[in-house]
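Q:
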Amino acid sequence: MKQIYFLLIGIFLIGTSAILIKPDIQSQSTKRVIDVEQLSVSDVLLMLGDDTLIHHIQQVDPELVKMGEDLVLNGYTERNGKKSKRISKHFVCTDCHNLTREFDDITSENAAERLRYAKANDIPFLPASTFWGIYNRTSFYNKDYVKKYGDLVVNARDSLYNATQVCAKYCSSGRYLEQWELDAVMQYFKSLELKIKDLGLDANTLKNLRKMGKLKQAEKEDLIAKIKGAYIHKYDATFLETMPREQRKYGEGGDPANGEMIYEESCMYCHANARLTYLSLGKNKLDGRMFWNNRTSYRDQSLYQIVRHGTYSKPGRRQYMPLYTEEKMSDEQLNDLMAYLKQLAEK
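Under the working numbering, the first residue of the sequence shown carries the number 23, and numbering increases by one thereafter.
The structure is reproduced here in structure tokens:
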């Protein structure tokens with residue numbers, strides 16, 4: 023399998039270099055220039071001799087990519103001239119997942135850095151990890167997700183296929199994907215994979231990548247390590263308990279501007295005009311007071327409770343609120359949110 027893949031990569035490189043030939047007027051010769059930064063991380067790792075990913079896709083199928091995109095964005099697509107069955111009547115993937123970069127430093131999972139990037143790039147601040155680069159990851163439903171999903175995560179941790187099925191069936195209150203749907207979603211994930219240009223590698227590393235065919239094995243292994251060290255391979259999930267009353271600051275010392283961003287891009291992302299749920303939220307005094315008046319409680323109306331525990335799907339109301347892990351919303355950010363809601367309640 024690997025030999026066939028290397029043969030195809032070789033053909034690809036020959037074709038690419040032929041396209042990118044640049045004339046050298048001074049020497050009356052030609053130089054073959056390969057824009058290595060445009061190559062996918064997974065392809066380059068294979069060229070250097072690394073192992074294939076379990077979910078490795080050898081060839082991209084544009085038609086399947088489009089169908090996968092439809093499934094992710096809409097929960098259904100068109101196949102053989104007919105609309106497919108919805109994956110879920112309640113959610114689509116983008117209710118919890120972004121499709122773009124979420125950090126300047128893509129080795130990070132720091133909540134403050136994630137919020138800064140969201141503010142600077144006008145993207146939602148969601149409870150799940152982005153699909154951008156998910157193809158390059160090797161571990162899923164990590165750490166504390168076992169507390170919520172139990173044995174379901176055992177076979178999902180090391181398999182993007184199985185992780186996607188758990189998400190489709192349980193996280194979206196939907197159903198398992200049919201094989202053709204799973205294939206299409208995997209193709210779409212492949213289209214969102216990291217490229218070398220995304221890694222911020224130094225000039226010397228890029229120089230060595232451009233001549234990788236001439237490198238010794240030890241040098242190739244060094245490049246593999248540098249590439250793999252430049253992006254995250256799994257996102258952790260630390261579940262926090264509801265903060266005890268005596269530890270709550272109720273917004274004191276918090277940043278209301280950060281809190282407003284979180285309210286808009288987290289809370290209202292789902293609750294504005296009751297888009298996904300019975301509870302409609304807006305930037306008004308009434309909603310601010312609802313949260314502020316419940317600030318000391320341990321009920322779902324308290325942000326200290328609902329953010330850390332979410333709610334559960336149940337018969338008659340399959341929509342639920344996912345919890346925010348420490349990596350997705352820190353206690354400091356929760357205090358920022360309370361600082362903003364205090365201002366909103368006092369309008």
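All C-beta atoms in this analysis are idealised placements derived from N, C-alpha and C, irrespective of residue type, glycine included. These numbers were taken from a predicted model, which means no experiment stands behind them.
Is Ala296 buried or exposed, if buried means 16 or more other CB atoms sit within 10 Å of its CB?
A: With fewer than 16 other Cβ atoms within 10 Å, it is exposed.
Q: Looking at the structure shown, is Leu148 part of a helix, part of a strand, or coil, going by DSSP?
A: Coil at Leu148, not helix or strand.
Q: Since Phe113 and Ser195 should fall inside the 8 Å C-beta cutoff, what is the C-beta to C-beta distance between them, to a whole number of angstroms?
A: Yes, Phe113 and Ser195 are in contact; Cβ-Cβ is about 6 Å, under 8 Å.
Q: Given 8 Å as the limit, is there contact between the segment 170-188 and the segment 200-217, that is, 3 or more CB pairs closer than that?
A: Output reads yes: the segment 200-217 touches the segment 170-188.
Q: Excluding the 5 residues preceding and the 5 following Leu95 in the sequence, name in chain order all residues of the same chain whose CB lies nearer than 7 Å to its CB.
A: Answer for Leu95: Val114 and Thr116, listed in chain order.
Q: Buried or exposed: where does Asp224 fall if 16 or more other Cβ atoms within 10 Å of its Cβ makes it buried?
A: By the 10 Å Cβ count, Asp224 comes out exposed.
Q: Restricting to Cα atoms, I'd like to know which of Ser352, Glu286 and Arg317 is closest to Phe261.
A: Considering only alpha carbons, the answer is Ser352.
Q: Three Cβ pairs or more, each shorter than 8 Å: is that satisfied between the segment 149-169 and the segment 303-314?
A: Result no; under three Cβ-Cβ pairs closer than 8 Å.
Q: For Gly251, count neighbouring Cβ atoms within 10 angstroms of its own Cβ and tell me buried if that reaches 16, exposed if not.
A: It counts as exposed.
Q: Note down the Cα distance separating Leu303 from Tyr139, rounded to an integer number of angstroms.
A: Approximately 24 Å, taken between the alpha carbons.
Q: Have a look at the DSSP bridge pairing and note the partners of Ser62.
A: According to DSSP, which records beta bridges pairwise, Ser62 is partnered with Lys217.
Q: Note down the Cα distance separating Lys12 from Leu93, rounded to an integer number of angstroms.
A: One cannot answer for residue 12 here, as it falls past the ends of the chain, which runs 23 to 369.
Q: For His293, collect the residues of the same chain with a Cβ closer than 7 Å to its Cβ; drop the 5 residues on either side in sequence, then sort them by chain order.
A: Here the set comprises Thr299, Leu301, Ser302 and Leu303.
Q: What ranges does the beta strand (DSSP E) occupy inside the segment 128-205, keeping only unbroken runs of at least 3 residues that lie completely in it?
A: You should have found no qualifying run.
Q: Just list the beta strand (DSSP E) runs in the segment 282-309, keeping only unbroken ones of 3 residues or longer that don't cross its boundaries, in chain order.
A: Runs of the beta strand (DSSP E) inside the segment 282-309: none found.
Q: Can you tell me which of the three DSSP states Arg311 falls into?
A: Arg311: helix per DSSP, three-state reduction.
Q: Express the C-alpha separation of Gly71 and Gln50 in angstroms, rounding to a whole number.
A: Below a pLDDT of 50, predicted positions are generally treated as unreliable, and Gln50, at 38, falls in that range; the measurement from the model is reported next regardless. Each residue's alpha carbon lies about 35 Å from the other.
Q: Which one of Glu243, Gly273 and Gly281 has the shortest CA to CA distance from Leu373?
A: With the chain covering 23 to 369 only, the question about residue 373 has no answer from this structure.
Q: Check this for me: beta carbons of Lys219 and Glu368, under 7 Å apart or not?
A: Not in contact: Lys219 and Glu368 (Cβ atoms no closer than 7 Å).
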